[in-house]
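Participant: Structure below; questions to follow.
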Amino acid sequence: MTDIFDRLKSVSGPLEQYRQKADGYFAFPELEGEIGPRMRFMGREMITWSLNNYLGLANHPEVRKADAEAAAQWGMAYPMGARMMSGQTRYHRELEEKLARFEKKEAAYLLNYGYQGMVSIIDSLVSRNDVIVYDSESHACIMDGIFLHKAKGGKSFVFPHNDMERCEKMLGFATKKAEENGGGVLVITEGVFGMSGDLGNLPGIVKLREKYSFRLMIDDAHGFGTMGDTGAGASEHFGLMDEVDIYFGTFAKSMAGIG
Numbered sequence: 615m616t617d618i619f620d621r622l623k624s625v626s627g628p629l630e631q632y633r634q635k636a637d638g639y640f641a642f643p644e645l646e647g648e649i650g651p652r653m654r655f656m657g658r659e660m661i662t663w664s665l666n667n668y669l670g671l672a673n674h675p676e677v678r679k680a681d682a683e684a685a686a687q688w689g690m691a692y693p694m695g696a697r698m699m700s701g702q703t704r705y706h707r708e709l710e711e712k713l714a715r716f717e718k719k720e721a722a723y724l725l726n727y728g729y730q731g732m733v734s735i736i737d738s739l740v741s742r743n744d745v746i747v748y749d750s751e752s753h754a755c756i757m758d759g760i761f762l763h764k765a766k767g768g769k770s771f772v773f774p775h776n777d778m779e780r781c782e783k784m785l786g787f788a789t790k791k792a793e794e795n796g797g798g799v800l801v802i803t804e805g806v807f808g809m810s811g812d813l814g815n816l817p818g819i820v821k822l823r824e825k826y827s828f829r830l831m832i833d834d835a836h837g838f839g840t841m842g843d844t845g846a847g848a849s850e851h852f853g854l855m856d857e858v859d860i861y862f863g864t865f866a867k868s869m870a871g872i873g
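Going by my numbering, the letters in the sequence shown line up with residues 615 to 873, in that order.
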């Protein structure tokens, strides 16, 4: 029998080779200074392109003041319990109500982390009889949710990035499979794709509802706060807020927070 730790020490995969060459430079660089477009790295001022502080709120004096006041009043560990048991507060409820109104949805629900949130949503929303259709460039959190769905016996179909012709074809396969199983169809795409920055083809997907019956969920982590007239995201940008059944956003990009 092989010791797992020994194998990790002796077998170096592609990530380990990358780490040896890039550690401290391309990977895990230690930046110094105020969070912003210019920070110091290895003693030199550099332009930073990969921060999530899209709107600059992490540096805003009013935001920092509110952070400090909240920490002084409640501490950093509040409420110290799962919401289902003892961690629910009126602040959770009030924020969820405000977010629901902002996104023009019936309800909103707060989760600790975006990645975990997406996996949890997919896992709780679809059964093994349901079928998922998704964009090939979907984020890893979507992929992990789909892997979990497939591990439970569920079916999924992928279409090339923003390719509506192939999306329609996959919807045809998914619809047939769902009808055989007595399930439904969920289409998942992103509002703004994080790696390329391009927009998901929401108008094209919505138009396919003229021929197919499905629910639509978008991961708009990068669009929330940055797209649309009021910052409500890519669905607002396209004028399709009512057509998106489940809108997934995060505080980690434009809101200078987490969750």
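Yeah, the Cβ is synthetic: ideal placement off N, Cα and C, and Gly gets one too.
Give me the Cα-Cα distance between leucine 724 and glycine 873, rounded to the nearest whole angstrom.
Facilitator: 7 Å
Participant: Please determine, among Gly731, Gly767, Phe771 and Met778, the residue with the shortest C-alpha to C-alpha distance to isoleucine 746.
Facilitator: Phe771
Participant: Out of Arg621, Arg829, Leu785 and Ser868, point me to the one whose CA is closest to isoleucine 860's CA.
Facilitator: Arg829
Participant: Should the region 702-710 be regarded as contacting the region 755-765, the criterion being three or more beta carbon pairs within less than 8 Å?
Facilitator: no
Participant: Tell me the DSSP secondary structure of phenylalanine 852 in three-state form.
Facilitator: Note: phenylalanine 852 maps to coil in three-state DSSP.
Participant: In terms of residues, what are the limits of the beta strand (DSSP E) holding arginine 829?
Facilitator: 829-833
Participant: With leucine 669 and serine 868 assumed to form a contact (beta carbons below 8 Å), what rounded beta-carbon distance in angstroms separates them?
Facilitator: Contact holds; Cβ gap of about 5 Å.
Participant: Which parts of the region 654-711 are runs of the alpha helix (DSSP H), unbroken and 4 residues or longer, counting only runs that do not cross its ends?
Facilitator: 675-688
Participant: If the criterion is Cβ atoms closer than 8 Å, does the pair serine 741 and glycine 689 meet it?
Facilitator: no
Participant: Just how far apart, CA to CA, sit arginine 652 and glycine 811?
Facilitator: Each residue's CA atom was taken as its position, placing arginine 652 and glycine 811 some 21 Å apart.
Participant: Locate the beta strand (DSSP E) running through leucine 816, then write down its first and last residues.
Facilitator: Element bounds for leucine 816: not the beta strand (DSSP E) but the alpha helix (DSSP H), 816-821.
Participant: Take every Cβ of the region 689-699, pair it with every Cβ of the region 825-843, and state whether three or more of those distances are shorter than 8 Å.
Facilitator: no
Participant: Locate the beta strand (DSSP E) running through leucine 800, then write down its first and last residues.
Facilitator: 799-804
Participant: Between the beta-carbon of valine 806 and the beta-carbon of leucine 813, is there less than 8 Å?
Facilitator: yes
Participant: Would you check if the distance between the CB atom of valine 799 and the CB atom of leucine 785 is smaller than 8 Å?
Facilitator: Their beta carbons are under 8 Å apart, which means valine 799 touches leucine 785 by this criterion.
Participant: Helix, strand or coil for glutamate 793, going by three-state DSSP, please let me know.
Facilitator: Collapsing the DSSP output to three states places glutamate 793 in a helix.
Participant: At the level of alpha carbons, what is the spacing between serine 765 and lysine 825?
Facilitator: Here the sequence assigns alanine to residue 765, which means serine is not the residue at that position. Cα to Cα, alanine 765 sits roughly 30 Å from lysine 825.
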